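Taking it in order: structure first as structure tokens, then the write-up.
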Amino acid sequence: MDINKYIAFIQLNHLFRDFSHKELLSLFNFNNYKIAKYQKEKILYFESEKCITLDMILEGKLIVQRIDENGNILTITQFNPGDVIGGNLLFGNNNAYPMSIIVKSNAIVLHMKKDFVLDLCQHNKRFLIEFLNINSNKALILTNKIKSISFKSLRESIVDFLSYKYYSQKTNKIILDMTKKELAERLGVQRTSLSRELNKMRKEGLIEYDAKTIIIKDLKILK
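Residue numbers (the numbering used here): -13 to 209.
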């Protein structure tokens, strides 16, 4: 695919904001990048697959997931257009993906080769600073996710989710922007476990819910 179509979008990314349109066109050549299309639900990278490129999402969405020995699916985070992945692995001694990268919606991804990224780091200070910043943020996301699932019960995780939605939506009738299955994956539990706990909370008079909403009946549960 032709890089020209995406140069203006790439230029909006912090990594490349110091480069002019002309400079970017000269930087990218057919030997240092690839643009590829991926269909929804395709596994872009398997767990333990080697990371050999720095990737930027041009269109669509990706998610980071892991399936444990009990079959529970844990969704760590979601990446959207403009997000960059692989930078925290590309130059490591162990450069294998610790979790799978799944295509959530049809996506177009820019794959930049390792030598190209290294050359940019060596010759452009702003690129290097932003590259390090992105990698630091990715490490923080993973650390916070591990902390949140390691020391909290399922109910505590549900309450955290409801608290966030309550304060962001400013209503006790929470409009869900995901399915119960997707919520279960974000919390790292099976769909049946989530349903069981939600049903318990309903019987206790704490919430009411349907497929698209959760109504918080007792605001005392919120943090």
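Even glycine gets a Cβ: it sits at the ideal position worked out from N, Cα and C. Bear in mind the structure is a predicted one, so any value in this text is a computation, not a measurement.
- By the C-beta density criterion, L104 is exposed, having fewer than 16 other C-beta atoms within 10 angstroms.
- Bridge partners of I200 according to DSSP: I160 and Y195.
- If the five residues before and after Y(-8) are omitted, its C-beta is found closer than 6 angstroms to the C-beta atoms of L44, all from its own chain and listed in chain order.
- F2 carries a helical assignment under DSSP once its states are collapsed to helix, strand and coil.
- With a threshold of 16 other beta carbon atoms within 10 Å, K111 falls short and is exposed.
- Note that the region 11 to 26 touches the region 83 to 90; at least 3 beta-carbon pairs, one per stretch, sit closer than 8 angstroms.
- Beta-carbon to beta-carbon, Y19 and H97 are separated by about 6 angstroms, close enough to satisfy the 8 angstroms threshold.
- L184 sits buried, since 16 or more C-beta atoms from the chains shown fall within 10 Å of its C-beta.
- Rounded to the nearest angstrom, the Cβ distance from I161 to K198 is 7 angstroms, consistent with a contact under 8 angstroms.
- Straight across, the Cα-Cα distance linking S6 with E33 is about 37 angstroms.
- Residue pairing for F65: DSSP places it in a beta bridge opposite L48.
- With fewer than 16 neighbouring CB atoms inside 10 Å of its own CB, S139 falls in the exposed class.
- Burial state of E116 is buried, judged by a 10 Å Cβ sphere holding 16 or more other Cβ atoms.
- In the structure shown, L10 adopts helical secondary structure according to DSSP, grouped into three states.
- With fewer than 16 neighbouring CB atoms inside 10 Å of its own CB, Y153 falls in the exposed class.
- Here the alpha carbons of L1 and L30 stand approximately 23 angstroms from one another.
- Per DSSP, the continuous alpha helix (DSSP H) segment holding S154 begins and ends at L140 to Q155.
- Assignment of S179 by DSSP, reduced to helix, strand and coil, places it in the helix class.
- M98 carries a strand assignment under DSSP once its states are collapsed to helix, strand and coil.
- S91 is bridged by DSSP to K47.
- The continuous stretches of alpha helix (DSSP H) do not include L208, and DSSP gives it neither H nor E.
- Here the C-alpha atom of M42 lies approximately 26 angstroms from the C-alpha atom of L173.
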